[in-house]
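Contents: one structure, followed by commentary.
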């Protein structure tokens, strides 16, 4: 089942984000989790033997403005694709912020190891 | 940041123009083919990143100063909000498509109302801000201080 | 509907993008524009009291398009956000002069306010997620704004945990879409009512509780809060503790549990247990702290526990089919405590910022005897402390009393005992703050400090007056029916929220 593989990818990303000690590896773990969720969203819209949800001249009748019934019955769901587009943009912004904070921490502390960046305690 | 050899510089100055035009194509045809504002903006930013890798950071600073980039970024966002507010003024609802069915026929380049205009605004904003982020990250590790967070 | 709802999102968003155009020379003009934006948001929120309506963005009918919904709970949250944002923005006019990039700070602050406003108004579950991310990203950047060692470490920890929480929420939204096929919250609620909560939807509900619980800093998901809130600049700590954890965590949780999925006995007990854990753990961990802002951060965890306890008790009583009056009283106590806490916790963080700006330190052992030197700060801090501890006639007393009455009425005597016990712990921790910071001996190196001036004083005094007057929200029936009763009714109506789908 492809959905089970998506969850497996999510759990691998979660393991990386929780267990690893290098900051860059934690960021990569979060990136893997985000890709897994995007993949799950896109796969929800799949329809067997479907076509891409783009209308072109083959399906459109300019005289009446009607869209061919074959298109609506056969196309995959376009809504998850729009959701994934938004989610990728959000992930990009979040990744840029995380990497820039990693670089700044490296300048201050001199290391990427998260066990040595523990000034705040208690 | 230093540049690369003369062969790389020559070729990349031609290729950069092609990539830039391709990015503009993806933005303008966003309502007909896959792509649209965000993907086209990323391609525009990557054309400037190619220039930065081939020629060095100082050359690109003279070509597209960071202050101008910041202002282009804000301009893109303000254009998008203006389109949304104009939709409210002309048509009664925020972000309404107030130009649809006024120009052109469906499936042609000049159609679909405010969607191509929004694509252009978003493409401008995403291209400018993504290039700003990559440029700031690349000069950051040399210990250079920027004004800001 | 006289006020178009998108103005709540459009005003801060436009201002946030216009501000960087002012450049380095127009810093004073930028501050004035930003303050005008937050004050106009507060005025609009006050004008929206008692109204309700649905606004379809882009004139697309639901469920094809995204809609914005204003009901009692949303207008209550808009009021809370408006009050705290206006106060914190006034305070930061004076406080942020020490930092270099003030125009970027103002833009990020307004983006955070835009995100929170959009979240409480959203009627579509993916739109809620997008605004959640906008507010979260702005807050991650603001926590690390000073770029010192501790701020960056706190910001990284906060960002990793916050992003994991957002990804849990996105996975839950994907599961809900896969099971019901719609994204509009009213339509989802209709679909869940007809089909029941199957395994996929149950797992999605669990993921929602974990994700929003991480954002609300419920124990055991609280690890980021004691590091993030002290390291942020004082007005940002006030915003984070005052409204962000409530909007992103408690409001979203209440909306999903009550209106979309419908209450059940297990979820009610789960919320009560989480609430009691947060109350007790937060109170115990706070007493041993010597950093003034860290103590207040742990106290925030404890107070959010009160709110979740009230809401959970209401959910349990509704699910068991007990008297509607008991459930309404519990939810009323929880929501009133939410609004109270927003006001007095933000005031406490602002006073701690003023103390830190004057003395240069946050450690309680290095301060003392500041009462004579900082009179305004001292008065504001005493008013806020009396409020949070629950001394009549300040506002905190009424909300705690209502929660205790609700627990006793429903025959949960042990919950009432826990509430009283944690209130005593809160008394201990704030007596500690008062004794070490304001009473006692003034150390020699602090002889020459001055009171904060200008807008900082105005912000603190106005929030302190509001603390005193909030008691009238429950005593004066007119105000109670206008502001708090509609919010309680939205939650007790539960899945009748899906009636919007028929509109």
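Residue numbers (this note's numbering), protein chains in the order written: chain A, 32 to 153; chain B, -6 to 142; chain C, 644 to 1146.
Glycine residues also receive a C-beta, built at the ideal position from the N, C-alpha and C atoms.
Residues that residue i bridges to, as DSSP identifies them
{"i": "residue 710 of chain C", "result": "C/699"}
{"i": "residue 827 of chain C", "result": "C/767"}
{"i": "residue 82 of chain A", "result": "A/106"}
{"i": "residue 1006 of chain C", "result": "C/934"}
{"i": "residue 53 of chain A", "result": "A/144"}
Residue i classed as buried or exposed, judged by whether at least 16 other C-beta atoms fall within 10 angstroms
{"i": "residue 661 of chain C", "result": "buried"}
{"i": "residue 1056 of chain C", "result": "exposed"}
{"i": "residue 1082 of chain C", "result": "exposed"}
{"i": "residue 135 of chain A", "result": "buried"}
{"i": "residue 785 of chain C", "result": "buried"}
{"i": "residue 841 of chain C", "result": "exposed"}
{"i": "residue 147 of chain A", "result": "exposed"}
{"i": "residue 686 of chain C", "result": "exposed"}
{"i": "residue 671 of chain C", "result": "exposed"}
{"i": "residue 1054 of chain C", "result": "exposed"}
{"i": "residue 100 of chain A", "result": "exposed"}
{"i": "residue 1069 of chain C", "result": "buried"}
{"i": "residue 869 of chain C", "result": "buried"}
{"i": "residue 1130 of chain C", "result": "buried"}
{"i": "residue 75 of chain B", "result": "exposed"}
{"i": "residue 605 of chain C", "result": "Limits of chain C in this structure are 644 at one end and 1146 at the other, which puts residue 605 of chain C out of reach."}
{"i": "residue 60 of chain B", "result": "exposed"}
{"i": "residue 649 of chain C", "result": "buried"}
{"i": "residue 85 of chain B", "result": "exposed"}
{"i": "residue 756 of chain C", "result": "buried"}
{"i": "residue 747 of chain C", "result": "buried"}
{"i": "residue 1021 of chain C", "result": "buried"}
Neighbourhood of residue i by C-beta, 6 Å cutoff - its chain only, sequence neighbours within 5 removed
{"i": "residue 844 of chain C", "result": "822"}
{"i": "residue 793 of chain C", "result": "874"}
{"i": "residue 987 of chain C", "result": "1027, 1030, 1031 and 1110"}
{"i": "residue 731 of chain C", "result": "878, 881 and 882"}
{"i": "residue 1012 of chain C", "result": "1083, 1084 and 1085"}
{"i": "residue 41 of chain A", "result": "64 and 67"}
{"i": "residue 1133 of chain C", "result": "714, 715 and 716"}
{"i": "residue 861 of chain C", "result": "917 and 921"}
{"i": "residue 865 of chain C", "result": "944"}
{"i": "residue 131 of chain B", "result": "none"}
Spatial neighbours of residue i in its chain, beta-carbon cut-off 8 Å, leaving aside the 5 residues before and after
{"i": "residue 187 of chain A", "result": "Nothing can be reported for residue 187 of chain A, as the shown portion of chain A is limited to 32 through 153."}
{"i": "residue 919 of chain C", "result": "948, 952, 1058 and 1061"}
{"i": "residue 981 of chain C", "result": "723, 889, 893 and 950"}
{"i": "residue 891 of chain C", "result": "759, 762, 775, 778, 779, 855, 858 and 859"}
{"i": "residue 664 of chain C", "result": "none"}
Contact test: residue i Cβ vs the ligand FAD heavy atom, cutoff 7 Å
{"i": "residue 913 of chain C", "result": "Of ligands this structure carries none, so the ligand FAD is not represented either."}
Same chain only: Cβ atoms within 7 Å of residue i, ignoring 5 sequence neighbours per side
{"i": "residue 1122 of chain C", "result": "1115 and 1116"}
{"i": "residue 1065 of chain C", "result": "922, 923, 926 and 945"}
{"i": "residue 676 of chain C", "result": "658 and 662"}
{"i": "residue 753 of chain C", "result": "655, 658, 659, 677 and 680"}
{"i": "residue 65 of chain B", "result": "117 and 121"}
{"i": "residue 745 of chain C", "result": "670 and 739"}
{"i": "residue 77 of chain B", "result": "87 and 88"}
{"i": "residue 974 of chain C", "result": "953, 954, 957, 1131, 1134 and 1135"}
{"i": "residue 130 of chain A", "result": "58"}
{"i": "residue 93 of chain B", "result": "105 and 106"}
{"i": "residue 851 of chain C", "result": "812, 815 and 899"}
(message) When you compare the region 768 to 783 of chain C with the region 803 to 815 of chain C, are there three or more beta-carbon pairs, one atom per stretch, that lie closer than 8 Å?
(response) yes
(request) Say whether the region 14 to 27 of chain B touches the region 103 to 118 of chain B, bearing in mind that this needs 3 or more beta-carbon pairs closer than 8 Å, one atom from each stretch. (result) With a cut-off of 8 Å, the region 103 to 118 of chain B and the region 14 to 27 of chain B count as touching, because enough Cβ pairs lie within range.
(message) Pairs of beta-carbons, one from the region 934 to 943 of chain C and one from the region 996 to 1006 of chain C, closer than 8 Å: are there three or more?
(response) Counting Cβ pairs under 8 Å, three or more are found: they touch.
(request) Mind checking the region 85 to 114 of chain B against chain C and listing, in chain order, the residues whose C-beta falls within less than 9 Å of any C-beta there? (result) 85, 86, 87, 88, 89 and 90
(message) At a CB distance below 8 Å, what residues from the region 750 to 768 of chain C approach chain A? Give them in sequence order.
(response) Listed by position, the residues of the region 750 to 768 of chain C near chain A (Cβ gap below 8 Å) amount to none.
(request) Say whether the region 965 to 984 of chain C touches the region 1038 to 1053 of chain C, bearing in mind that this needs 3 or more beta-carbon pairs closer than 8 Å, one atom from each stretch. (result) The region 965 to 984 of chain C and the region 1038 to 1053 of chain C touch, with no fewer than 3 CB-CB distances between them shorter than 8 Å.
(message) Contact between the region 812 to 827 of chain C and the region 878 to 886 of chain C is defined here as three or more beta-carbon pairs at a separation below 8 Å; is this criterion met?
(response) The way I'd put it, the region 812 to 827 of chain C doesn't touch the region 878 to 886 of chain C; fewer than three beta-carbon pairs between them come closer than 8 Å.
(message) Below 8 Å, how does it come out for the region 40 to 49 of chain B and the region 1 to 18 of chain B: are there three or more Cβ pairs, yes or no?
(response) yes
(message) Give me the subset of the region 23 to 37 of chain B whose CB atoms are less than 9 Å from a CB atom of chain A, sorted by chain position.
(response) 25, 26, 27, 29, 31, 32 and 35
(request) Check each residue of the region 117 to 135 of chain A: if its Cβ is closer than 7 Å to any Cβ of chain B, include it; give the result in chain order. (result) 120, 127, 130, 131 and 134
(message) Can you pull out the residues from the region 56 to 86 of chain A whose beta carbon lies closer than 7 Å to at least one beta carbon of chain C?
(response) Cβ contacts with chain C: 57, 61, 64, 65, 68, 71, 72 and 75.
(request) Return the residues of the region 689 to 713 of chain C that lie within a Cβ-Cβ distance of less than 8 Å from chain B, sorted by chain order. (result) 698, 699, 700, 701 and 702
(message) By the 7 Å beta-carbon criterion, what residues does the region 792 to 820 of chain C contribute toward chain A?
(response) 792, 793, 795, 796, 797, 798, 799, 802, 803, 806, 807, 810, 813, 814, 817 and 820
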